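Chain order of the listed sequences is A and B. Each residue of the first sequence is one higher than the last, beginning at 329 in the numbering used here. Each residue of the second sequence is one higher than the last, beginning at 329 in the numbering used here. Every residue gets a Cβ at the ideal spot worked out from N, C-alpha and C, and that includes glycine. This structure is a prediction, so every number in the text was calculated from the model and none was measured. All remarks here apply to the structure that follows.
There are 2 protein chains.
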Amino acid sequence: MDVTRSEFDIIEQLFASLTLGDPRALGLKDDAAVLGLPEGREMVVTSDCLVAGVHFRPQDPPESIARKALRVNFSDLAGMGATPTGAFLAAAFPRDVCDDWLEAFALGLKEDIELFDAPLLGGDTVATPGPLTLTVTALGTVAKGRALRRSGAKAGDVIFVSGSLGDSAIGLKILSEEISLTNEKHKTYLSGRYLRPEPRTQFGAALSELDGVGGGMDVSDGLVQDLGHICAASGLGARVELDRLPLSAAAQSVLEVSPDLIDIVLTGGDDYELLFTVREDAARTATDLAKSLGLRLTPIGVIEAGQGVRVLRPDGGQWKAARTGYRHFDGAQESGD
Amino acid sequence: MDVTRSEFDIIEQLFASLTLGDPRALGLKDDAAVLGLPEGREMVVTSDCLVAGVHFRPQDPPESIARKALRVNFSDLAGMGATPTGAFLAAAFPRDVCDDWLEAFALGLKEDIELFDAPLLGGDTVATPGPLTLTVTALGTVAKGRALRRSGAKAGDVIFVSGSLGDSAIGLKILSEEISLTNEKHKTYLSGRYLRPEPRTQFGAALSELDGVGGGMDVSDGLVQDLGHICAASGLGARVELDRLPLSAAAQSVLEVSPDLIDIVLTGGDDYELLFTVREDAARTATDLAKSLGLRLTPIGVIEAGQGVRVLRPDGGQWKAARTGYRHFDGAQESGD
Numbered sequence: 329m330d331v332t333r334s335e336f337d338i339i340e341q342l343f344a345s346l347t348l349g350d351p352r353a354l355g356l357k358d359d360a361a362v363l364g365l366p367e368g369r370e371m372v373v374t375s376d377c378l379v380a381g382v383h384f385r386p387q388d389p390p391e392s393i394a395r396k397a398l399r400v401n402f403s404d405l406a407g408m409g410a411t412p413t414g415a416f417l418a419a420a421f422p423r424d425v426c427d428d429w430l431e432a433f434a435l436g437l438k439e440d441i442e443l444f445d446a447p448l449l450g451g452d453t454v455a456t457p458g459p460l461t462l463t464v465t466a467l468g469t470v471a472k473g474r475a476l477r478r479s480g481a482k483a484g485d486v487i488f489v490s491g492s493l494g495d496s497a498i499g500l501k502i503l504s505e506e507i508s509l510t511n512e513k514h515k516t517y518l519s520g521r522y523l524r525p526e527p528r529t530q531f532g533a534a535l536s537e538l539d540g541v542g543g544g545m546d547v548s549d550g551l552v553q554d555l556g557h558i559c560a561a562s563g564l565g566a567r568v569e570l571d572r573l574p575l576s577a578a579a580q581s582v583l584e585v586s587p588d589l590i591d592i593v594l595t596g597g598d599d600y601e602l603l604f605t606v607r608e609d610a611a612r613t614a615t616d617l618a619k620s621l622g623l624r625l626t627p628i629g630v631i632e633a634g635q636g637v638r639v640l641r642p643d644g645g646q647w648k649a650a651r652t653g654y655r656h657f658d659g660a661q662e663s664g665d
Numbered sequence: 329m330d331v332t333r334s335e336f337d338i339i340e341q342l343f344a345s346l347t348l349g350d351p352r353a354l355g356l357k358d359d360a361a362v363l364g365l366p367e368g369r370e371m372v373v374t375s376d377c378l379v380a381g382v383h384f385r386p387q388d389p390p391e392s393i394a395r396k397a398l399r400v401n402f403s404d405l406a407g408m409g410a411t412p413t414g415a416f417l418a419a420a421f422p423r424d425v426c427d428d429w430l431e432a433f434a435l436g437l438k439e440d441i442e443l444f445d446a447p448l449l450g451g452d453t454v455a456t457p458g459p460l461t462l463t464v465t466a467l468g469t470v471a472k473g474r475a476l477r478r479s480g481a482k483a484g485d486v487i488f489v490s491g492s493l494g495d496s497a498i499g500l501k502i503l504s505e506e507i508s509l510t511n512e513k514h515k516t517y518l519s520g521r522y523l524r525p526e527p528r529t530q531f532g533a534a535l536s537e538l539d540g541v542g543g544g545m546d547v548s549d550g551l552v553q554d555l556g557h558i559c560a561a562s563g564l565g566a567r568v569e570l571d572r573l574p575l576s577a578a579a580q581s582v583l584e585v586s587p588d589l590i591d592i593v594l595t596g597g598d599d600y601e602l603l604f605t606v607r608e609d610a611a612r613t614a615t616d617l618a619k620s621l622g623l624r625l626t627p628i629g630v631i632e633a634g635q636g637v638r639v640l641r642p643d644g645g646q647w648k649a650a651r652t653g654y655r656h657f658d659g660a661q662e663s664g665d
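Right, here's the structure in full:
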């Protein structure tokens, strides 16, 4: 069943209610949104593009695709310590997208827009001869001067990561049937982590108010590559202990059977956990903060002089991988170290 | 020649200088930009998506594609009366994009970023198996409460349009060799209007300060369709005189040979001129304002009770066309009236 709606119908019938009546959206009837900024706050803006077949599988449930497009952007905001306040969606839909699909997609958007209290403020709806391509621009705010930056790490800082790593990359392998798993609960958990990441917005916002927090970001391209960005921006190196990496029970059970998959825990990406460094004397406060939000928080290593990320195995040897993390252009694939 | 750069190289080598050193961009090293808002101003945000083969021709010069992606967004800002202050680019490049193309593309971006003084503040660079897809999110500011809206038209308002209409739609027909033209100057002018629209940012900003301006927007989908949006948002109708439509000398010469092309003047879109309504007693001020900026401004009709757009031919009959303007999803194509 092809789409029977024009883009104007799609906007009016499916997207207009996603503004939650927010006056900044002007009812999606104008070409732009008009917004202010509360006293003492700065605006944080991020824009991420997701392509079917690259960032999600075309056959993923439309609700999940919608929610993921929002969530990866909210995760960027969380990585900067900002609280989401709104989103723009520029959607290029394949011309043969059907009404049922669009309705389910809009429903997924709505769930998360309400959950994160970040109304749809505008965007664009176009047709494409190519794959579904979604660009969300998310707006957030943070107290003036308190945004977390990649460049703030100091030598001696403890490196923390929230939640658990590798679930999503393993979940994708399960969904694409590269790995088979008999434990249904683990299967559901891991694929759910791929389909519907959990941006750590509350924890990110709380971290921005904490003194002693250095380099911070969300892990989207894989731990080693993203920690490498913090190192490069801060002009320092990092040492990570392989056996400290936080794993879910489900990922642990997969790794017991396929220990080589530790590589995708380090480089697979799509984790959307918070990665940040903290001055040693503030580490306890960060831990308590995470605890108060019911969030797992794990110290995985330290920032040190030098450059690059060293991952140490329990035997003292250094982990080496074929790549450091996700790269879009293969011609430029580099080996990790 | 394939791309030899990773997305990180593309960002660092080609895009980082496009921030023009603006501190809000954080050197494109973080996942988001951090920005404030001057006292007494509101932020205006728009996000437009351009797809190769839909919004531009894949073979168009990369500089033009880059500039068009920025300019259609700056035109949306102009339509709201806002002055551009920055842009985000989420680019999905085909995996086989070559370095030369990317360099020319970045050069085009740079020219306009400098021209409009709207630094690149962030974005995303990904690979796509489909056509080049560019989403620009443009930020602008306007004095508090002065943004132009589609909903502000009043019965009796004069309808104005800036510049000339139809050039771009005719220019596309020339580029795709549907029309042949011997006059080289006209050919260059018309195709240039397609390749490099002129967003009326200065005039839009000036209009926002003028009392008596009602409904306003930029013409991107065709005059009849866009004026229809102003009518619908304002709960009124519009009467347009066909022989008042502003035409360039080049378009005029084409219409003399092919008078039927008047349809694409009314519905072709891609004009990026400003369309707005003004209280009759303020019409002279608007005209003087345009004159002071060296911009052609033409009264083309009036807002009246009722609904929809009526276009009257010189003989008093009503113009009818197969469609009112550009629509992305053909299943929903409606006839104009």
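Which of helix, strand or coil does DSSP assign to residue i?
i      : result
B:V585 : helix
A:P422 : strand
B:Q580 : helix
A:P412 : strand
B:R607 : coil
A:L621 : coil
A:R655 : coil
A:F336 : helix
A:F343 : helix
A:L378 : strand
B:L564 : coil
A:F384 : strand
B:L523 : helix
A:R474 : coil
A:R369 : strand
Under the rule that 16 or more other beta-carbon atoms within 10 Å means buried, what is residue i, buried or exposed?
i      : result
B:D609 : exposed
B:M329 : With a pLDDT of 38 at B:M329, under the threshold of 50, the modelled position of that residue is not reliable, and no figure is offered here.
B:Q553 : buried
B:D588 : exposed
B:D571 : exposed
A:V301 : Since the first residue shown for chain A is 329 and the last is 665, residue 301 of chain A is missing from the structure and cannot be characterised.
A:D539 : exposed
B:N511 : exposed
A:L443 : exposed
A:V425 : buried
B:G368 : exposed
B:E505 : exposed
A:V372 : buried
B:G491 : buried
A:P457 : exposed
Bridge partners for residue i per DSSP, in chain order?
i      : result
A:P305 : Beyond the ends of chain A as shown, which are 329 and 665, falls residue 305 of chain A; an answer cannot be given.
A:E569 : A:L640
B:S508 : Looking at the DSSP assignment, B:S508 forms no beta bridge with any residue, so it has no partner.
B:D668 : Residue 668 of chain B is absent from the model: chain B starts at 329 and stops at 665.
B:G450 : B:F416
B:A466 : B:T374, B:A415
B:E632 : B:G565
B:V400 : Paired residues: none, contrary to the question.
A:V541 : A:V606
B:V362 : A:V372
Thinking residue i and residue j are a contact (beta carbons under 8 Å), I'd like their distance in whole angstroms, please.
i      : j      : result
A:F343 : A:A434 : 6 Å
A:D546 : A:L603 : 7 Å
A:R612 : A:K482 : About 17 Å separates the two Cβ atoms, so there is no contact after all.
A:L476 : A:G407 : 7 Å
B:K515 : B:L509 : 5 Å
Given 8 Å as the limit, tell me if residue i has its C-beta closer than that to any heavy atom belonging to the ligand ATP.
i      : result
A:S508 : This structure simply doesn't include the ligand ATP, nor any ligand for that matter.
Going along the stretch 496 to 520 of chain A in order, which residues come within less than 8 Å of chain B, judged by CB to CB distance?
none
Which of the residues in the stretch 342 to 362 of chain A, read from start to end, lie with their CB under 8 Å from any CB of chain B?
L354, K357, D358, D359, A360, A361, V362
Within 8 Å of chain A by C-beta, residues of the stretch 602 to 630 of chain B in sequence order
none
Chain A contacts from the stretch 371 to 388 of chain B (Cβ-Cβ distance under 7 Å)
M371, V372, V373, T374, S375, D376, C377, V379, G381, V382
Name the residues in the stretch 440 to 461 of chain B whose C-beta lies less than 8 Å from a C-beta of chain A; which are they?
L449, G450, G451, D452, T453, V454, A455, T456, P457, G458, P459, T461
By the 7 Å beta-carbon criterion, what residues does the stretch 539 to 562 of chain A contribute toward chain B?
M545, D546, A561
Within 8 Å of chain E by C-beta, residues of the stretch 388 to 411 of chain A in sequence order
Here chain E cannot be found, since the structure's protein chains are A and B.
Along the stretch 566 to 598 of chain A, what residues have a CB closer than 7 Å to any CB found in chain B?
none
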